[in-house]
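These notes concern the structure reproduced below.
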Amino acid sequence: MQIEGGSDRRQSGDFAVPPLVSVIMPNYRGAPFLQAAIRSVLAQTYRQIELIVVDDNSQDGSAEILRHEAALDARLKPITLGKNLGPAAARNVALDASSGTWIAVVDSDDLVHPSRIERLLAAADAMNADMIADDLVPFGTPTAAGRTVLGSRADSLPQITAVDLLLSDMGFSGTTSLGYLKPLIRRDCLANLRYDEVLTIGEDFDLCLRLLLGGAVYRLIPDPSYLYRRHSESISHRLSVDALDRRMSAMDRIGKDRVIDRETRHALDRRLRLLGQACRYERLVGQIKGRRAFAALAALVKSPRLALHLLDSLMDRRRRAAHLARSVPENGNTADPSRGGGHAGSAGPAGDDAETRCPPAARARRWRDRSVSCLQSGDRTFEGGPRAARGRSGGRTRLGLPAGSRDFAYSALRRHRAPDA
12 MQIEGGSDRR
22 QSGDFAVPPL
32 VSVIMPNYRG
42 APFLQAAIRS
52 VLAQTYRQIE
62 LIVVDDNSQD
72 GSAEILRHEA
82 ALDARLKPIT
92 LGKNLGPAAA
102 RNVALDASSG
112 TWIAVVDSDD
122 LVHPSRIERL
132 LAAADAMNAD
142 MIADDLVPFG
152 TPTAAGRTVL
162 GSRADSLPQI
172 TAVDLLLSDM
182 GFSGTTSLGY
192 LKPLIRRDCL
202 ANLRYDEVLT
212 IGEDFDLCLR
222 LLLGGAVYRL
232 IPDPSYLYRR
242 HSESISHRLS
252 VDALDRRMSA
262 MDRIGKDRVI
272 DRETRHALDR
282 RLRLLGQACR
292 YERLVGQIKG
302 RRAFAALAAL
312 VKSPRLALHL
322 LDSLMDRRRR
332 AAHLARSVPE
342 NGNTADPSRG
352 GGHAGSAGPA
362 GDDAETRCPP
372 AARARRWRDR
382 SVSCLQSGDR
392 TFEGGPRAAR
402 GRSGGRTRLG
412 LPAGSRDFAY
422 SALRRHRAPD
432 A
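Mapping to my numbering: the sequence shown position 66 is 77, numbers consecutive.
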C-alpha cells in the first residue's frame, strides 16, 4: 500500500498548515523505559506534535527523567500528579491538556517507528477515517515473539466495526484482541468522550467500542510500526476478579445506554457471558492457590467447564516454560536484553565471525537489540540477520515503505529465536 501526501490540512494563504498531533503518554513506574519511549515519539518524521506525559505519582525517578527530556525538546509537556489516579484517569488528564487536531496514545514502556504518525495521517486522509491504526508488534519476553496483533489478517481487514472489536476480544477471529491496537483519533470524533476511570484494564478497548458505537469510521493499515513491550511490570495482560467485574459493569452500561443493532447486541451479550466465565475461573484459581479445597470443588461442580480451562492453562504454562528453556543461551546468561543499551556488543563479541560462533538465542537477541536501537535513534535502515535481509541491498533492509516496516518488525521479533528456526 503506497501512501503519499499529508492529512487533514487547513489552508492558510498559499500554504497548507499541517495539523497538530497530540501524543498522550500515561506513565506509572515506567522509569526504566520512559526515556526510550519519549525519544521514539519525538524522533517522528512528522514534526507537528506535542507530547503530553502524565506521571501518575510514580516515585521511581520518572519525574527527573521528564524534567531532563523536557529541557531538550519544548514539544514535551510533562504533568506530574500529586496522587495515583490510575491509567484511565491519567489518560483523561492528558486529553484535557491536549490541543491537537488528532490524538495518539503511546504507553510509556513502548516504542514507535519514526514514520508512524506521518503514515497514519496520510492513510487517514486517503481513507476518510475518524480513527486509524497500524499493526502492533509485542516484544520484550520470549513468549511475546512470533506474531503481531493483526497476524495473517493484516492485509485483509481494512476496517474495524464494533462487532469485529467484540469478536476479537473473545478469540473467535483468529487474532489477538483488536483492543490492543493504538489508533490515531480525530479530535472532532472524540469530542467530550473520555476514558472510563472505573476501569483498571481494558480502558482502551472500552473507549474504542464507545467510539465505534457512536458511528466512528475505524480504518487499518498493515504496517507493524508500534512495538508493544511485555515485561514483568506490565498490567494490561493481568486479570483479577475485581478488574473483570469492572469490565463487566462497564460493558453492561454500554449495552443499556445505547440502541444497538441485533448483530452487535448478540456479540456484546456473548462477550459479557465470557467475561463472567473468566471471572469464575479467576475465583477458582484464587481458591486453589489459597488451598480452599472445598470451595474450589464446589466451583467445579457448579461449572464443570472450568476444569477444561484449568487444564488448558496448565498445558499453556508448560509450553511457555519449554519455550523459555529453549531461549536460554548456552552460557546461561538470562539477562533481559530489553533493559540493556540496545547495541550488538551487549550480547557478545562484535563482528560477523563472532556472531556465527554465538549460540543461536544470543544471535537472535543481538539482531533484536539492533532493531530496537534503530527504532530509538530514528535510523531508517536496519542490519538484519541472515534470514531477515540476506540478498537485499547488501544485507540492509530499507524502512519507510510497508514491506520494509514489516521486515523491520519481524526482525525485532526474532530476538529469542534461532535464526534458522
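For every residue, glycine included, the Cβ atom is placed at its ideal position computed from N, Cα and C.
As the structure is a computational prediction, the values presented were derived from the model and not from experiment.
In the structure shown, the three-state DSSP call for Lys88 is strand. At the C-beta level, Val209 and Arg269 stay beyond 8 Å of one another.
Here Arg58 is exposed: its Cβ has fewer than 16 other Cβ atoms, across all protein chains shown, within 10 Å. About 5 Å separates the beta carbon of Arg230 from that of Gln170, a gap short enough to meet the 8 Å contact definition. By the CB criterion at 8 Å, Lys193 and Leu161 fall outside the cutoff. Judged by their CB atoms, Asn38 and Asp67 are nearer to each other than the 8 Å cut-off.
Of Ser188, Phe305 and Ser163, the smallest CA-CA separation from Val174 is found for Ser188. A contact between stretches requires three or more CB pairs, one per stretch, nearer than 8 Å, and the region 191-206 meets this requirement with the region 113-127.
Ranked by how close their Cα comes to the Cα of Ala42, the residues Gly190, Leu87, Lys313 and Asp121 have Asp121 in first place. Of the candidates Leu62, Ala278, Ile232 and Leu83, Leu62 places its Cα closest to the Cα of Leu106. Ala307 and Leu322 have their alpha carbons spaced roughly 14 Å apart.
According to the DSSP secondary-structure assignment, Ser126 is paired through a beta bridge with no residue. Excluding five sequence positions before and after Ile76, the CB atoms of its chain that fall closer than 7 Å to its own CB belong to Ala42, Leu45 and Gln46, given in chain order. The beta carbons of Leu176 and Leu218 sit no closer together than 8 Å. Its chain contains Arg197, Cys200, Ala227 and Val228 as the residues whose beta carbon lies nearer than 6 Å to that of Asp141, once the 5 sequence neighbours on both sides are disregarded; these appear in chain order.
Phe305 sits exposed, since fewer than 16 C-beta atoms from the chains shown fall within 10 Å of its C-beta. Distance between Ala108 and Ala101, taken at the CA atoms: about 11 Å.
Judged by DSSP secondary structure, Pro37 falls within the beta strand (DSSP E) whose first and last residues are Val32 to Asn38. The DSSP-derived three-state label of Glu61 is strand. Residue state for Met181 is assigned as coil, using DSSP reduced to three classes.
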